[in-house]
Amino acid sequence: MKIDFHTHVWNTQLDQVDEFTGRLTELGIDAGVVLPIAPYMTNEAVADLVTKGAGKVIGFASVVPFAETTGIPREDPLATLDHAVNTLGLRGLKLHPLIQGFALNDPGLVPVVSAAGDLGIPVLFHTGPANGRAGRIENGRITLLDDLAIMCPNTVLIAGHADPLGDAPYLARKHKNVYLETSISWSRWGKLIPGLVRQVVEESGPDKILYGTDFSLGRDQRVVDTDAVFESSGLSSDALALVYGGNAVRLLNLS
Ligand SMILES: [Zn+2]
Numbered sequence: 001m002k003i004d005f006h007t008h009v010w011n012t013q014l015d016q017v018d019e020f021t022g023r024l025t026e027l028g029i030d031a032g033v034v035l036p037i038a039p040y041m042t043n044e045a046v047a048d049l050v051t052k053g054a055g056k057v058i059g060f061a062s063v064v065p066f067a068e069t070t071g072i073p074r075e076d077p078l079a080t081l082d083h084a085v086n087t088l089g090l091r092g093l094k095l096h097p098l099i100q101g102f103a104l105n106d107p108g109l110v111p112v113v114s115a116a117g118d119l120g121i122p123v124l125f126h127t128g129p130a131n132g133r134a135g136r137i138e139n140g141r142i143t144l145l146d147d148l149a150i151m152c153p154n155t156v157l158i159a160g161h162a163d164p165l166g167d168a169p170y171l172a173r174k175h176k177n178v179y180l181e182t183s184i185s186w187s188r189w190g191k192l193i194p195g196l197v198r199q200v201v202e203e204s205g206p207d208k209i210l211y212g213t214d215f216s217l218g219r220d221q222r223v224v225d226t227d228a229v230f231e232s233s234g235l236s237s238d239a240l241a242l243v244y245g246g247n248a249v250r251l252l253n254l255s
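Residue numbers (UniProt numbering): 1 to 255.
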């Protein structure tokens, strides 16, 4: 079982779900977690992708937790999340500190992040690089998850693009509720530093790593590059099975 924990279907691609799932199959992936960013994509649109994706699309929700500081029209994030999970059937929450305008350790996140824990779903945060000029890299610094993990001990927190060279392995080892997702950063550094992927997986615990590539249509290379570093990592088949899909199945209550 191979689940890509970090994929996108962009707003302009909502009618290309067959192409998306077809590429996943070609690339050897059984299902992709589709991550939206509120308010740029609706939770309804994601639920629609899940319906059309015939078991290959796992949908996450997104809410705007700090609308009043970003000027984005405010919806109650708790009501939106509850609806997304209990009515639309979405299986996790994606939040983006740089695009949505908050720091990863802002105490104001506690209500919505704790609510996700109560609903039994994990929260995946973008960490690391910023592309747009306005997104402050400092706000997405992975080390800030140390504080959030303490403030929200009953919610699974997933660091997206977790930097294997930074504090990520310590955080995963220190906090029962912190997991690392591998997209972009693990292929970049793993290619340059042989042995890195195995060491970081073993230090963090193989039960704490989630295979992700940031795949979207036209981005096959991201899957190829990520697979290359894991396939050559020297990890045991048991550890690889957890990273590729076992951990995702457990966290998302898939059967
Ligand atoms: Zn992404």
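Ideal Cβ positions, reconstructed from N, Cα and C, are used throughout, including at glycine.
- For the set 87, 64, 114, the Cα lying nearest the Cα of residue 96 is the one of 64.
- Residue environment: residue 131 is assigned as exposed (fewer than 16 neighbouring CB atoms within 10 Å of its CB, all protein chains considered).
- If you check the C-beta of residue 163 against ligand 1, you find no heavy atom less than 6 Å away.
- By the Cβ neighbour-count rule, residue 54 is exposed, with fewer than 16 other Cβ atoms within 10 Å of its own.
- Fewer than three beta-carbon pairs drawn from the stretch 111-119 and the stretch 138-146 are found closer than 8 Å, and the two stretches are therefore not classed as touching.
- Taking C-alpha positions only, residue 61 is separated from residue 196 by approximately 32 Å.
- Less than 7 Å divides the Cβ of residue 204 from the Cβ of residue 172.
- The C-beta distance from residue 159 to residue 138 rounds to 15 Å, too long to meet the 8 Å contact threshold.
- Annotation for residue 125: the continuous beta strand (DSSP E) segment containing it runs 123-126.
- Distance check between residue 4 and each of 46, 222, 232, 134 places 222 closest, using alpha-carbon atoms only.
- Ranked by how close their Cα comes to the Cα of residue 6, the residues 12, 36, 26, 28 have 36 in first place.
- Taking 4 residues as the shortest admissible run, the stretch 168-204 contains the following complete alpha helix (DSSP H) segments, listed from N- to C-terminal end: 168-174, 185-192, 196-204.
- Residue 52: member of the alpha helix (DSSP H) spanning 43-52, first to last residue.
- For residue 148, the enclosing alpha helix (DSSP H) starts and ends at 145-151.
- Within the stretch 84-115, the runs of beta strand (DSSP E) at least 3 residues long that lie entirely inside it are, in chain order, 93-95.
- Counting C-beta atoms within 10 angstroms of its own C-beta, residue 93 has 16 or more neighbours from the protein chains shown and is therefore classed as buried.
- A check of alpha carbon separations from residue 176 across 164, 156, 189 identifies 156 as the nearest.
- Your pair residue 125 and residue 98 does not check out as a contact, with CB atoms roughly 10 Å apart and the cut at 8 Å.
- Bridge pairing for residue 4: 32 [DSSP].
- A residue is called buried when at least 16 other Cβ atoms come within 10 angstroms of its Cβ; residue 228 does not meet this threshold and is exposed.
- The beta-bridge partner set that DSSP reports for residue 62 consists of 94.
- Taking the Cβ of residue 214 as the reference point, at least one heavy atom of ligand 1 falls within a distance shorter than 6 Å.
- Burial state of residue 236 is exposed, judged by a 10 Å Cβ sphere holding fewer than 16 other Cβ atoms.
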